[in-house]
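In this note's numbering, the protein residues as written are 4 to 198. The C-beta atom is built at its ideal place from N, Cα and C for all residues, glycine as well. Model, not experiment: these values are computed from the prediction. I have placed the structure first, in the form of structure tokens, so that the comments after it can refer back to it.
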Amino acid sequence: MNKRQAQKQFTREKIIAAAKQIFIEKGIINTATSQIAEAAGIAHGTLFLHFPNKDSLVVELLDAELSKFSNNIKQLIVETADVNILLSQYLDIIQAEEGFFSSLARELPNYKDELRRKILFRESLIREHFHQVIEKGIEQNIYAQVDIPSALTFLFGTINYYLSLKTSFVQQGSVIEKFKPSIIKTMKDLLLPVQ
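Listed below in structure tokens is the structure:
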């Protein structure tokens, strides 16, 4: 990477970091690209050299956050059929970036159709990882014969419910930390075969 490419990458990373912080503080809908540029210490026009619009910035930020999880999950799928390990790691990643994911969950119904589709598509990739692990567990008679899409709709709906209503459940701290044990227990109970 030459000096110019390195500077371009550095600026891009500054934009993403500034956007993430402002999205957490103000929400994605209420954030203007000019605020992101100011926080990143760049000219407003420079932002558009890196991202054609705010939606593309949101999608890249979401991809970066989810790729942290996805790479770990791919390896886990090979090693285990334990959905509890998978779920625990997923919840840890969400908790580490809870401000961002809470903002996404809260505002998702208000996004433009194209952005909402892109976000939901990325969630579906994560759901697919869970689907593979549960399916593997069913094949090995570890889990009950459940309707996997329904179980995952319940799981992701529950997580998004807590994230979108975070301030109703916790005044300070993490809503994921508060409900992680019950989310894992409920999913475990749902999947356990009847004895």
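What number of angstroms, rounded off, separates the C-alpha of residue i from the C-alpha of residue j?
i	j	result
residue 146	residue 117	36 Å
residue 38	residue 18	11 Å
residue 157	residue 196	18 Å
residue 108	residue 151	22 Å
residue 139	residue 191	15 Å
residue 42	residue 36	10 Å
residue 47	residue 57	12 Å
residue 99	residue 77	20 Å
residue 55	residue 88	38 Å
residue 144	residue 188	19 Å
residue 13	residue 45	12 Å
residue 68	residue 130	15 Å
residue 161	residue 51	36 Å
residue 60	residue 66	10 Å
residue 64	residue 171	26 Å
Are the CB atoms of residue i and residue j nearer to each other than 7 Å?
i	j	result
residue 31	residue 113	no
residue 26	residue 106	yes
residue 154	residue 193	yes
residue 101	residue 167	no
residue 121	residue 62	yes
residue 173	residue 136	no
Mind checking residue i: buried by the 16 CB within 10 Å criterion, or exposed?
i	result
residue 53	buried
residue 29	exposed
residue 9	exposed
residue 142	exposed
residue 21	buried
residue 16	exposed
residue 6	exposed
residue 115	exposed
For my contact list, residue i and residue j are in at a C-beta cut-off of 8 Å; report their separation, rounded to the angstrom.
i	j	result
residue 103	residue 23	6 Å
residue 40	residue 49	7 Å
residue 119	residue 111	6 Å
Cβ of residue i less than 7 Å from any chain C Cβ?
i	result
residue 168	Note that chain C does not occur in the displayed structure, where there is just one protein chain.
* At least 3 beta-carbon pairs within less than 8 Å: the region 92-102 vs the region 174-183 -> yes
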